[in-house]
Amino acid sequence: MDSARVFAGDCTTTFEGTRDRTTRGRVVVLVKPDRTVLVHDADGYQPVAWLTRPDSLAVEEDASGFGLTARAGDQTLRVVAHEVTGRATYPVTEAGVPVGHHPETGEPLVRAGGGVLGVDSGVRFPLVAGATVLDETCDDCGLPLMRVERGAVFEVCVDRSCEPLDDVVRERFDGAWSCPDCGSPLRLLRRSGRLVAGCDDYPACETAFSVPAGVVVDSCDCGLPVFETATKRRCLDGTCELFRSPGSPPAGGVGDENVRDGGRASTDESTSDDGRVPDGDDE
Ligand SMILES: [Zn+2]
Ligand SMILES: [Zn+2]
Ligand SMILES: [Zn+2]
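Position 43 of the sequence shown, counted from 1, bears residue number 47 in this note's numbering, the numbering being contiguous throughout.
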């Protein structure tokens with residue numbers, strides 16, 4: 005687990021950079037896991053001096069004192085203790101919204117940094133794009149469930165090794181749609197880190213679409229399903245020229261035609277407008 009270090013004492017603090025400044029007083033120095041150094045005195049909320057994510061940080065300590073030197077570009081922050089009143093190292097985690105307790109360790113679980121995190125052990129369960137964490141817990145392991153939209157709404161364990169999302173999505177949609185290019189069934193699989201609907205005739209037919217975060221609400225004139233995502237309706241094929249969303253002109257401008265003709269476009273599971281899946285691109 006990450007730790008934060010705290011130093012306290014009568015110190016001289018020197019900052020060299022855009023504006024040089026030297027101060028002396030009894031301060032508390034906080035060093036965060038990313039090496040950010042904050043020097044606090046008694047006044048107000050703002051540090052007397054600080055350096056965010058320095059390139060280097062040297063801490064010298066002995067029985068009688070401590071000294072810190074942080075450097076970022078042409079900025080240098082130096083703190084030298086004349087008299088030490090305390091120093092300690094504490095474990096720290098990201099702080100997040102509480103989402104229950106770990107069924108085995110009993111530790112609090114929080115949602116932070118795109119995952120569910122145990123605040124004692126540091127255990128982390130990454131969440132898939134667009135997932136929300138529910139109050140309900142998994143019948144098998146007791147961890148919280150997450151709600152995920154991948155064609156339909158699925159409620160699965162946040163521990164993807166307990167209840168793989170891919171399995172439940174596959175159970176529902178594997179082979180349910182046909183390849184618009186050759187008519188073979190589309191299989192649900194994970195390719196290069198993405199959940200995709202890919203042609204069964206691969207590699208002869210390389211047609212594949214990332215499955216967007218949304219639910220199927222309609223079918224497109226091309227035969228593929230229409231997804232309702234957080235922001236809009238779209239064909240599973242984000243470049244589909246036959247797709248018309250209600251009240252708006254058909255999709256498929258000049259740029260989209262290029263994408264379609266080129267066959268493959270760069271996509272990202274969380275932000276993609278375009279369902280075509282590239283080869284060899286990690287999530
Ligand atoms: Zn579970
Ligand atoms: Zn095909
Ligand atoms: Zn379509």
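Every residue, glycine too, gets a C-beta built ideally from N, C-alpha and C. Everything numeric in this text was worked out from a predicted model, so none of it was measured.
- Every residue with a CB closer than 6 angstroms to a heavy atom of ligand 1 is listed here in chain order: C142, D144, C145, L147, C161, D163, C166 and E167.
- If you look at V220, you'll find it in the beta strand (DSSP E) that goes G218 to S223.
- F177 sits in a helix when the DSSP states are folded into three classes.
- DSSP places E20 inside the beta strand (DSSP E), whose first and last residues are S7 to E20.
- Ranked by Cα distance from R39, the first of S188, E65, V31 and L81 is L81.
- Distances taken from the Cβ of L190 to the heavy atoms of ligand 3 include none shorter than 7 angstroms.
- Exclusion of the five residues before and after G119 leaves R128, F129, P130 and L131 as the residues of its chain whose Cβ lies within less than 6 angstroms of its Cβ.
- With fewer than 16 other Cβ atoms from the protein chains shown falling within 10 Å of its own Cβ, P102 counts as exposed.
- In this structure, R154 places its C-beta atom within 8 angstroms of the C-beta atom of L199.
- The beta carbon of F70 is closer than 6 angstroms to those of F11 and A85 in its chain, skipping five residues each way along the sequence.
- Chain-ordered, the residues whose CB falls short of 6 angstroms from any heavy atom of ligand 3 come out as C224, C226, L228, C239, D241, C244, L246 and F247.
- A residue is called buried once 16 or more other Cβ atoms fall within 10 Å of its Cβ, and D241 is buried on that count.
- For the set T56, P207, V123 and A180, the Cα lying nearest the Cα of A74 is the one of T56.
- By the neighbour-count criterion, in which 16 or more other beta carbons inside 10 Å mark a residue as buried, S214 falls on the buried side.
- At a threshold of 7 angstroms, D185 counts as near ligand 2, since its beta carbon sits closer than that to one of the ligand's heavy atoms.
- Cβ contact annotation for R115 (same chain, cutoff 7 angstroms, sequence separation greater than five): G100, V101, V103 and V137, in chain order.
- Around R9, the same chain offers V35 and T93 as residues with beta carbons nearer than 6 angstroms, after the five sequence neighbours per side are excluded.
- Of the candidates C145, V220, P207 and G197, V220 places its Cα closest to the Cα of R176.
- Non-local beta-carbon contacts of R91 in its own chain, meaning distances under 6 angstroms to residues more than five positions away in sequence, involve F11 in chain order.
- Beta-bridge analysis with DSSP links P112 to H105.
- Along the length of the segment 149-217, whole beta strand (DSSP E) runs at least 3 residues long occupy 157-161, 190-195, 198-203 and 212-214, reported in chain order.
- Annotated as distal: M5 and P107, with beta-carbon spacing of 8 angstroms or more.
- For Q79, the uninterrupted beta strand (DSSP E) run begins and ends at Q79 to P95, by DSSP.
- Counting the other Cβ atoms within 10 Å of the Cβ of A62 gives fewer than 16, which makes it exposed.
- Of the other Cβ atoms in all chains shown, 16 or more fall within 10 Å of the Cβ of P58; this residue is therefore buried.
- Buried is the label assigned to C161, since at least 16 other Cβ atoms lie within 10 Å of its Cβ.
- Looking from the CA of S68, the closest CA among V152, G13, L246 and D24 belongs to G13.
- Inter-residue distance for G227 and L190 is about 12 angstroms (C-alpha atoms, whole angstroms).
- For ligand 2, no non-hydrogen atom lies closer than 7 angstroms to the CB of D178.
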